[in-house]
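Before any comments, here is the structure.
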Amino acid sequence: MPQKLNHTTLPILAIGALGGTVSMRATQPGTKAGEALFSGMVQLHEGLDVRIETLCLVPSASLCFNLLLEVLIWAQDQVKLGAQGIVITQGTDTLEESAFFLDLLWNADVPLVLTGAMRSSDQPSPDGPANLLDASRVALDTHSRKRGVLVVMNAQIHQAQHVRKCSSMALEAFSSPLFGPAGVMIEHRACYLRKACARTVLPIPRSIHHKVALLQASLSADTVLLEHVLALGYDALVVSAFGAGNVSVEWADLIDQITTEIPVLVGTRTGSGSTAEASCGFIGSELDLTDRGAVMCGLLCPYKARILIWLLIGSGLGREVGKHLQRLGFKAAET
Ligand code: ASP
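Here it is as structure tokens:
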């Protein structure tokens, strides 16, 4: 762990590099360490004590929860060492999930900002340097405090709970469907469009060896994987369901059995909007699935629902997922 005290009065910015396109050159195999890549960016260092560390160098598809728990500890250490802002760079493919994972556990007021790049440094108009500069400015902006984990990409600031990667290659790959960005960069400054809200932070999981299955409903899908979820030892199931939270009759019958053993969460596969609560009562509808013991995820997408239930199970709170969905604002509280 870094043990560098601040001997200057300059604000401390800590940058942790995890890999991804932002750390890569597309035409040369391999990756370039975060230190080497970012230390040359003169604007980044002006008037700052910048501390850059390469925490790992992997494509973001190969990041995992255990590694993110180490990243969390590293970031907490940076706060103890006096950092006023923290930036994590990583691949964009799983950035929305990492951001949400860290956000659920981040209990400091200091901003933790994630960023990446859609174009590597040797492509024309790479976006990594601009994203890193923006992320650094956001991380050090006092208006970013108490907002949890933020994602800065393409001059937009997104809240971790809402952000999605919605396009595979576009520069404007990230958006926050339904909510919009929390803020935008205007003339190099973070301008927030909404006030910071009260946050709920989960305990750090005590165990990490449990596993959560994620299965997506699709037209005429068979039931083979669903039939084996319990036998395979999964501790929870997330269903990425049609529309407002619907599945086929066959899936509904199997979900009925699975809910007797493990938590089953149902989110919408559409990419935007909420699951329903009381719209339809046909077999496989949200009312039917709720009757069978499944928990509708509301505004939380299936990928992030998998993270939420994994963290809750790790703290022995798996059966309280409905309550946490309300506390975190993904579902309306029952009246
Ligand atoms: N494949 C890259 C990743 O690590 C893509 C990116 O960084 O944008 O996610």
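The opening residue of the sequence shown carries number 1 in the UniProt record's numbering; numbering runs sequentially from there. Heads up, the beta-carbon is just placed ideally off N, CA and C, and yes, glycines get one too. Here the structure is a predicted model, which means the values were calculated and not measured.
C-alpha distance - residue i paired with residue j, whole-angstrom precision
i: V151; j: V58; result: 19 Å
i: D288; j: A36; result: 55 Å
i: W74; j: I258; result: 38 Å
i: D103; j: V201; result: 8 Å
i: E286; j: G293; result: 11 Å
i: L230; j: E261; result: 8 Å
i: G180; j: L312; result: 27 Å
i: S23; j: E277; result: 43 Å
i: I204; j: L105; result: 6 Å
i: N131; j: I208; result: 32 Å
i: L171; j: S125; result: 10 Å
i: S62; j: G183; result: 30 Å
i: A198; j: V224; result: 43 Å
i: G273; j: D109; result: 29 Å
i: F242; j: S218; result: 7 Å
i: F38; j: A99; result: 21 Å
i: L299; j: E46; result: 41 Å
i: S176; j: H162; result: 5 Å
i: S248; j: A332; result: 26 Å
i: A196; j: M296; result: 26 Å
i: S136; j: G329; result: 28 Å
Cβ shell of residue i (< 7 Å), same chain only, five flanking positions each side left out
i: V138; result: P111, V113, S144, L150, V152, I157 and A190
i: L226; result: L215, W251 and L254
i: V50; result: L13, I15 and L44
i: D134; result: V152, A155 and M185
i: L55; result: G16, A17, L18, V71 and W74
i: R269; result: Q216, A217, S240, A241, F242 and P302
Range of the contiguous beta strand (DSSP E) that encloses residue i
i: E49; result: For clarity, residue 49 is Asp in the given sequence; the question names Glu instead. D49 to T54 is the span of the beta strand (DSSP E), which, as asked, contains D49.
i: Q216; result: V212 to Q216
i: I208; result: Premise fails: I208 is in no beta strand (DSSP E) and is neither H nor E.
i: R189; result: R189 to Y192
i: L72; result: Where L72 is concerned, there is no enclosing beta strand (DSSP E), although the alpha helix (DSSP H) it sits in stretches over F65 to K80.
Where residue i falls, given that 16 or more other Cβ within 10 Å makes a residue buried
i: R147; result: buried
i: I307; result: buried
i: E97; result: buried
i: G314; result: buried
i: D127; result: buried
i: N66; result: exposed
i: I186; result: exposed
i: P94; result: Rather than Pro, the amino acid found at residue 94 in this sequence is Thr. Looking at its Cβ environment, which holds 16 or more other Cβ atoms inside 10 Å, T94 is buried.
i: A305; result: buried
i: S120; result: buried
i: H324; result: buried
i: G91; result: buried
i: C64; result: exposed
i: S60; result: buried
i: T9; result: exposed
i: S279; result: exposed
6 Å CB neighbourhood of residue i in its chain, flanking five on each side removed
i: M1; result: The predicted position of M1 is uncertain, since its pLDDT is 48 and thus under 50; no value can be drawn from it.
i: G281; result: L287
i: V264; result: L237, I255, I258 and A294
i: F101; result: L68 and I307
i: A173; result: M118, K165 and S167
i: D141; result: A190
Endpoints, alpha helix (DSSP H) assigned at residue i
i: Y303; result: P302 to G314
i: G267; result: No alpha helix (DSSP H) contains G267, which is instead part of the beta strand (DSSP E) from V264 to T268.
i: A159; result: Looking at the sequence provided, one finds Gln at residue 159 rather than Ala. Segment Q156 to Q159 is the beta strand (DSSP E) holding Q159; no alpha helix (DSSP H) there.
i: D255; result: Before going further, note that residue 255 is Ile rather than Asp in the sequence given. Its alpha helix (DSSP H) spans residues V249 to I258.
i: V184; result: Counting along the chain, V184 falls outside any alpha helix (DSSP H), though it belongs to the beta strand (DSSP E) covering G183 to I186.
i: T89; result: T89 -> not in any alpha helix (DSSP H); beta strand (DSSP E) instead, spanning G85 to T89.
i: G128; result: G128 to L140
i: S98; result: L95 to L105
8 Å Cβ shell around residue i - same chain, five flanking residues per side excluded
i: I309; result: V212, A236, V238, P263, L265, G318 and V321
i: M41; result: P129, L132 and L133
Proximity test, residue i beta-carbon vs the ligand ZN heavy atom, cut-off 7 Å
i: T115; result: In the structure shown, the ligand ZN is absent; the only ligands present are the ligand ASP.
Residue-chain proximity (residue i, chain D), Cβ-Cβ < 8 Å
i: A135; result: The displayed structure is made up of one protein chain only, and chain D is not part of it.
Across the segment 164–176 and the segment 78–87, are there enough close Cβ pairs to call them in contact, namely three or more that are closer than 8 Å?
no
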